[in-house]
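In this text, residue positions in the sequence shown follow my numbering: the first is 4, and each later residue adds one.
For reference, the structure is listed below as structure tokens.
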Amino acid sequence: MVRELSHEEIVEYVKRIFGGYPVTDVGMEAIRVLMQSRYEGMIVVDDRCRTIFLSRANEKFFGVSTEEALFRPFPEISPSTRLNVVVETGRPEIGDVHIYDGGEMRIVARIPIIGEGKSVKGAIGKIIFYNCEKLNELARTVAVLKARLKKREKETQGKREIPYTFNDILYVNDRMGEIVSLARKIASTDSSVLITGETGTGKELFAQAIHGESRRRNGPFVSVNCSSIPEELAESELFGFREGAFSGARKGGKKGKFHLAEGGTIFLDEIHELPLRLQSKLLRAIQEKEIDPVGSDEKPEKVDFRLIAASNQNLEDLVEKKRFRADLFFRLNQTRIHIPPLRERKDDIEFYLNHFLEEVSLKVGITRKRFTRRALSFLLEYSWPGNIRELKNVVEQALWSSRGTSIDVGDLPEYMKKVRFPEEGNGRLTLREYLDRAERSAIIDALKRAGGSRTRAAELLGLHRSALFKKMRKHGIEEREIWG
């Protein structure tokens, strides 16, 4: 039980803190509330950094009572403190990340007490955030809000197409941060770029962001999916054609995609689908910046463009199999960006799940839901072959399938539930087997944490006691497993 301070003790503390300055009744009451609070972590030192007040909330944290701390130099109580620095300099330190002597991390504020003649009378230390994880949650919220703001800005631009920027590439994963930094550096050059990564990782998003930060940002961004062009039309689509070049060629000819990219960027997605006979022509276009339209008997045309190519295939393997030209690959591979799949950055999986939950809920006007622990555990283990694109579709389907305020495994698309999960060794687990093992492990863990108490373990798991006994029988959990 925390002992309440008497009125006389509070007055005495106020005199020490404020010296001879008058304090109103309201001010005295506010100070009393702060001093009595079990939650306010506050320290006050004088001009010699001696402790003149230590809040009750800090007694357990520093392992010393308020009475024992009185007039002791605070650096003796907490050697890592910087209150002495604030007293010496008179400069406040707000929002500082402080690691205490026991290794615990807090966000703190240190404020000097300035007296007459601007002399420093002491300093106040205050813990702002006890749990730094809350800051990570705030950062994720800010990222979601930024994404919503960007989306709204694009909507207000009318029909004018604005390429994505690096601010549209959302992530919390450190590796992705390094990749974005690399892409920003590449954007400032004018070299050709090869972007590799699985389907749905955002290769075109990166391509548009690079264009948006390049010197060509005011020029066109022409996107071409090589797999969608019939092989017999690929050459004329890319390089254009002259009138009469082939049967049915329209009068006056037609400009190709490279012509349309004049002064800007051309993005060739799925470049591995480009026929071999055109790959040599593409290489010449990159090297010479010259385009030779189909049916032209004139000198090749100079065209100013930047090439960004992308592929979801292993181009090195295709080179070995003679399905992709080695010289073209080496030319493109000089400046390469590889986007890792979502399964290799699990922190981004959870971030995107929450991001798309928020985005889709707002879009369709329904109350935001949350994933159960079981569903989240499953989604973190899922391999996501379609990456971010698939994840967004899964969130949308799950939102419509779920009937309550939360989304469970049963609300996920059927195809996901047929996936088999890896097990130690060579075995494979079905979703049901995987969930059963996870449930069994969670029950044993709760029983251990509860010291064997079934009642306490049931509370930890959010179950009725009878439900816990039923699950223990189902999974064959024995006493020896609890006590090891």
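For every residue, glycine included, the Cβ atom is placed at its ideal position computed from N, Cα and C.
In the DSSP assignment, the beta strand (DSSP E) including residue i goes from what residue to what residue?
{"i": "Ser314", "result": "Phe308 to Ser314"}
{"i": "Ile198", "result": "Val196 to Thr199"}
{"i": "Asp99", "result": "Glu96 to Ile102"}
{"i": "Arg339", "result": "Arg339 to His341"}
Candidates the options: which alpha carbon is nearest residue i's?
{"i": "Arg483", "options": "Gly455, Leu335 and Leu464", "result": "Gly455"}
{"i": "Lys302", "options": "Ala312, Ile311, Glu291 and Arg309", "result": "Glu291"}
{"i": "Thr144", "options": "Ser226, Glu361, Phe332 and Arg406", "result": "Glu361"}
{"i": "Lys124", "options": "Val89, Val100 and Arg348", "result": "Val89"}
{"i": "Lys366", "options": "Arg346, Phe381, Trp403 and Glu384", "result": "Trp403"}
{"i": "Thr370", "options": "Gly407, Tyr385, Ile352 and Ser380", "result": "Gly407"}
{"i": "Trp384", "options": "Leu173, Met419, Gly368 and Ser405", "result": "Per the sequence shown, residue 384 should be read as Glu rather than Trp. Of the candidates Leu173, Met419, Gly368 and Ser405, the one whose C-alpha sits nearest the C-alpha of Glu384 is Met419."}
{"i": "Asp307", "options": "Gln316, Ala288, Lys324 and Lys325", "result": "Ala288"}
{"i": "Ile485", "options": "Lys477, Leu466, Ser444 and Ser469", "result": "Ser444"}
{"i": "Glu97", "options": "Leu73, Ala72 and Ala126", "result": "This sequence places Ile at residue 97; Glu is not what is there. Among Leu73, Ala72 and Ala126, the Cα nearest to that of Ile97 is on Ala126."}
{"i": "Leu285", "options": "Arg476, Gln316, Lys325 and Arg334", "result": "Arg334"}
{"i": "Glu207", "options": "Glu181, Gly128 and Tyr167", "result": "Tyr167"}
{"i": "Phe65", "options": "Val397, Met45 and Leu141", "result": "Met45"}
Return the chain-ordered list of same chain residues with a C-beta closer than 8 Å to the C-beta of residue i, the five sequence neighbours on each side being excluded.
{"i": "Glu304", "result": "His262, Glu293, Ile294, Asp295 and Pro296"}
{"i": "Thr338", "result": "Ile189, Thr192, Ser194, Ser195, Val196 and Leu197"}
{"i": "Phe472", "result": "Arg457"}
{"i": "Pro223", "result": "Leu263, Ala264, Glu265, Gly266, Gly267 and Thr268"}
{"i": "Lys121", "result": "Gly93"}
{"i": "Leu463", "result": "Ala449, Arg452 and Ala453"}
{"i": "Glu399", "result": "Phe359 and Val363"}
{"i": "Glu481", "result": "none"}
{"i": "Ala441", "result": "Arg377 and Ser380"}
{"i": "Thr69", "result": "Phe56, Leu57, Ser58, Arg59 and Glu62"}
{"i": "Asn336", "result": "Leu197 and Leu318"}
{"i": "Arg348", "result": "Tyr174, Asn176, Arg178 and Met179"}
{"i": "Leu185", "result": "Ile340"}
{"i": "Gln282", "result": "Phe327, Arg328 and Leu331"}
{"i": "Ser405", "result": "Lys372, Asp411 and Asp414"}
To which residues of the same chain is residue i closer than 6 Å at the C-beta, ignoring the five residues directly before and after it?
{"i": "Thr375", "result": "Ser409 and Asp411"}
{"i": "Asp171", "result": "Lys153"}
{"i": "Asp546", "result": "It is not possible to answer for residue 546, since the shown part of the chain is limited to 4 through 487."}
{"i": "Ser230", "result": "Glu273 and Glu276"}
{"i": "His478", "result": "Arg443"}
{"i": "Arg459", "result": "Ala453"}
{"i": "His467", "result": "none"}
{"i": "Ile232", "result": "Glu240"}
Please list, in chain order, all residues of the same chain as residue i whose beta carbon is under 7 Å from its beta carbon, the five residues on each side excluded.
{"i": "Arg75", "result": "Arg53 and Thr54"}
{"i": "Lys258", "result": "Gly243"}
{"i": "Pro78", "result": "Cys52, Thr84 and Asn87"}
{"i": "Ala329", "result": "Val322"}
{"i": "Pro278", "result": "Glu234 and Ala237"}
{"i": "Arg219", "result": "Gly266, Gly267, Thr268 and Arg309"}
{"i": "Ala210", "result": "Ile198, Phe270, Ile311 and Ala313"}
{"i": "Asn228", "result": "Asp272 and Glu273"}
{"i": "Lys511", "result": "Given that the chain is displayed from residue 4 to residue 487, the structure contains no residue 511 and the question cannot be resolved."}
Per DSSP, residue i forms a beta bridge with which residues?
{"i": "Lys473", "result": "Looking at the DSSP assignment, Lys473 forms no beta bridge with any residue, so it has no partner."}
{"i": "Asn228", "result": "Asp272"}
{"i": "Ala126", "result": "Val48 and Pro115"}
{"i": "Ile80", "result": "For Ile80, which the question treats as bridged, DSSP gives no partner whatsoever."}
{"i": "Phe56", "result": "Val47"}
{"i": "Gly267", "result": "Phe308"}
{"i": "Glu1", "result": "The chain is shown only over 4 to 487; residue 1 falls outside these bounds and no answer can be derived."}
{"i": "Lys257", "result": "Phe244"}
{"i": "Ser409", "result": "Arg373"}
{"i": "Arg109", "result": "His101"}
Is residue i close to the ligand PLP? I mean its beta-carbon at under 7 Å from any heavy atom of the ligand.
{"i": "Ile369", "result": "In the structure shown, the ligand PLP is absent, as is every other ligand, since no ligand is present at all."}
Using a Cβ-Cβ distance cut-off of 8 Å, determine whether residue i contacts chain D.
{"i": "Ile189", "result": "Considering every chain present, this structure includes no chain D. It has just one protein chain."}
List the endpoints of the continuous alpha helix (DSSP H) containing residue i.
{"i": "Phe359", "result": "Lys349 to Val367"}
{"i": "Val175", "result": "Premise fails: Val175 is in no alpha helix (DSSP H) and is neither H nor E."}
{"i": "Ser68", "result": "Premise fails: Ser68 is in no alpha helix (DSSP H) and is neither H nor E."}
{"i": "Tyr418", "result": "Glu417 to Lys420"}
{"i": "Asn390", "result": "Asn390 to Ser404"}
{"i": "Thr92", "result": "Leu86 to Thr92"}
{"i": "Asp330", "result": "Ala329 to Leu335"}
{"i": "Gly215", "result": "Lys206 to Gly215"}
{"i": "Ala453", "result": "Where Ala453 is concerned, there is no enclosing alpha helix (DSSP H), given that its DSSP letter is neither H nor E."}
{"i": "Leu321", "result": "Leu318 to Glu323"}
Taking 8 Å as the threshold, find out whether the stretch 385-394 comes into contact with the stretch 194-213 through three or more Cβ pairs. The stretch 385-394, when compared against the stretch 194-213, does touch it at the 8 Å Cβ threshold.
Contact the stretch 107-123 vs the stretch 76-95: 3+ CB pairs below 8 Å: yes
Touching or not, the stretch 311-328 and the stretch 271-286, by the rule of three or more beta carbon pairs under 8 Å? yes
On the three-pair Cβ rule with 8 Å, is the stretch 207-217 touching the stretch 352-365? no
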